[in-house]
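Counting with this note's numbering, you get residues 334 to 690 for the letters of the sequence shown. Glycine residues also receive a C-beta, built at the ideal position from the N, C-alpha and C atoms. Below: one structure, written as structure tokens.
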Amino acid sequence: MTIIENKPRLLTGDTPTGRLHLGHWVGSLENRVAMQDEYECYFIIANMHAFTTRMERPAEIHESVMDITMDYLAAGIDPKKSQIFVQSEIPAISEMTFFFSMLIPYPRLMRNPTIKDEIRDKGLGDNYAFGFLLYPVGQVADILVFRPEVVPVGEDQIPHLEMTREVARRFNQLYCHVDPQTEDDDYIKQGGLFPVIKPKLGRTKRLVGTNGPGPDGNLLKMSKSLNNAIFLSDDADTIKKKVMGMYTDPKRLKATDKGSIENNPLWIFHDTFNSDKAWVEEAKARYQAGGIGDVECKRRLIDVLVELIEPMRLRRLQYEKDLHYVQSVLKEGTANANEVANKTLLLAKEAMRQRFF
Ligand code: ATP
Ligand code: MG
């Protein structure tokens, strides 16, 4: 199929290290579903990046690619409008990763705060793979081969997008002879190949997880890898267990103790997901004065979350029964993504004077 639409292009995606969770929903997925009509959307499942931390578990990565595809479909991504595709099936991404890696000084890469956070929070120590450091460069290629106008992501991706912007400027200056004084928005107009993209953050930039703080005392972000997530495929019982066991204010032992709403996932979740703002404000005031129990507030939250997640879970069950269909969505999305990526690769090789045949 050839994509004929003339809409602005959008690229974003996920690493297949598990199923999608509420952090993905408010950080990016919700935006994606809403933007499908106005944008030509490409959703990458970054399976090569999953190898950075799970190289010894390839079957899990495979399963997770299918899981994420089903999560997308269940959340409302429509394969008639949008392309869902597998990273390792897009050779142009790997080819461009090598060329882009030359445009990023090594010390610059090591200053990337998300890399530092991930090494700490995922407990990678100092034994992480060389490829772990390469993945942000790979992500630059994931994005740039699609030359998108919009990239909706969570806050942890901002440093990677900043690198993407730097690489785009550098490439355009070196190989397309764009003046370094050019404003970011004007690079394409001045003859550049790659746009200097602005990230688009979701309504919650960084949703916290259900467990307490990490080693640095701050609440950790909800993450597939950190065992602190409520998944879009969780059933009502699982949601109930997770919310009932969730971290709140450790200093509060009984309902009559004054509680803190700061750094308290219970209230962060109510603020993010509960549309009954009047109840939330009143309950917060009572919580701080020692007038309402954790259990009552948690029960409310369970209702709110089940209402959001249950319709997605039910839709997902249908896809689980039809893996052939899920596979065909990926196959077609990947073919369409390759059309775009290969076009960019040729243009990039032409610009770099490395097109020989
Ligand atoms: P992993 O633990 O394997 O890193 P993850 O849960 O961090 O997984 P990613 O696949 O790395 O998920 O991220 C996919 C997208 O979802 C990114 O744009 C990321 O910023 C966003 N995202 C992930 N977690 C959250 C969160 N807790 N809050 C907001 N956005 C998030
Ligand atoms: Mg992540």
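Rounded separation between residue i and residue j - CA only
i, j, result
"Gly699", "Ala474", "Nothing can be reported for residue 699, as the shown portion of the chain is limited to 334 through 690."
"Lys455", "Ser558", "7 Å"
"Arg536", "Val366", "14 Å"
"Asn339", "Glu371", "10 Å"
"Phe602", "Leu634", "8 Å"
"Met334", "Asn669", "A caution first: Met334 carries a pLDDT of 49, below 50, which makes its placement in the model unreliable, though a value can still be read off. Rounded to the nearest angstrom, the two C-alpha atoms are 7 Å apart."
"Leu406", "Tyr375", "14 Å"
"Lys682", "Arg688", "5 Å"
"Thr581", "Gly545", "8 Å"
"Arg686", "Glu672", "21 Å"
"Val419", "Glu665", "11 Å"
"Gly578", "Phe564", "15 Å"
"Val398", "Ala408", "15 Å"
"Tyr520", "Val500", "12 Å"
"Phe431", "Thr497", "14 Å"
"Leu679", "His510", "18 Å"
"Ala611", "Ser415", "37 Å"
"Gly346", "Lys631", "31 Å"
"Tyr461", "Ile452", "8 Å"
"Gln660", "Lys413", "14 Å"
"Phe433", "Gly542", "34 Å"
"Ile358", "Glu488", "One detail in the question is off: residue 358 reads as Trp in this sequence, not Ile. When rounded, the distance between both Cα atoms is 13 Å."
"Glu428", "Leu467", "13 Å"
"Gly351", "Lys554", "15 Å"
When the options are compared against residue i, the one with the closest alpha-carbon
i, options, result
"Met388", "Glu363, Gly360 and Phe465", "Phe465"
"Leu540", "Pro548, Leu552 and Gly547", "Leu552"
"Leu344", "Gly626, Gln472, Pro492 and Asn445", "Gln472"
"Asp411", "His395, Glu363 and Glu451", "Glu363"
"Phe463", "Thr385, Gly524 and Ile476", "Thr385"
"Asp404", "Ala674, Leu656, Asp512 and Pro492", "Leu656"
Within 7 Å, strictly: CB atoms of residue i and residue j
i, j, result
"His382", "Ala562", "no"
"Ile378", "Val662", "no"
"Thr667", "Glu422", "yes"
"Pro469", "Leu494", "no"
"Lys591", "Gly623", "yes"
"Leu436", "Arg503", "yes"
"Ala425", "Val486", "no"
"Tyr508", "Ala684", "yes"
"Ser593", "Arg646", "no"
"Ala588", "Gly550", "no"
N-terminal and C-terminal residue of the alpha helix (DSSP H) that residue i is part of
i, result
"Lys584", "Segment: none, Lys584 is in no alpha helix (DSSP H) and carries neither H nor E."
"Pro438", "No alpha helix (DSSP H) holds Pro438; DSSP gives it neither H nor E."
"Asn505", "Ile491 to Tyr508"
"Leu552", "Taken as a continuous stretch (DSSP letters only), Leu552 belongs to no alpha helix (DSSP H), being part of the beta strand (DSSP E) at Leu552 to Lys554."
"Asp627", "Asp627 to Glu653"
"Leu477", "Phe463 to Leu477"
"Met368", "Glu363 to Met368"
"Ile401", "Pro391 to Ala408"
"His603", "Pro598 to Phe606"
"Glu615", "Lys610 to Ala622"
"Gln687", "No alpha helix (DSSP H) contains Gln687, which DSSP labels as neither H nor E."
"Thr350", "Here Thr350 belongs to no alpha helix (DSSP H), and DSSP marks it neither H nor E."
"Asp454", "Pro446 to Asp454"
"Asp570", "Ala569 to Met577"
Cβ-heavy atom distance, residue i to the ligand GDP, below 6 Å
i, result
"Gln687", "Looking at this structure, you won't find the ligand GDP anywhere; what it does contain is the ligand ATP and the ligand MG."
Boundaries (first-last residue) of the beta strand (DSSP E) holding residue i
i, result
"Val484", "Val483 to Val486"
"Tyr375", "Glu373 to Ile378"
"Thr345", "Arg342 to Asp347"
"Ile417", "Gln416 to Val419"
"Gly545", "Val541 to Pro546"
"Pro532", "Lys531 to Leu534"
Inset, instruction - Please confirm if the segment 591 to 603 is in contact with the segment 388 to 404, defined as three or more CB-CB distances below 8 Å between the two stretches. - result: Fewer than three beta-carbon pairs drawn from the segment 591 to 603 and the segment 388 to 404 are found closer than 8 Å, and the two stretches are therefore not classed as touching.
Legend entry - the segment 635 to 644 touching the segment 561 to 581, judged by at least three CB pairs closer than 8 Å: In short, these stretches touch, since the Cβ pair count reaches three.
Inset, instruction - Decide if the segment 514 to 532 is in contact with the segment 481 to 497; the criterion is three or more beta carbon pairs, one per stretch, under 8 Å apart. - result: Because the criterion of three Cβ pairs below 8 Å is met, the segment 514 to 532 and the segment 481 to 497 touch.
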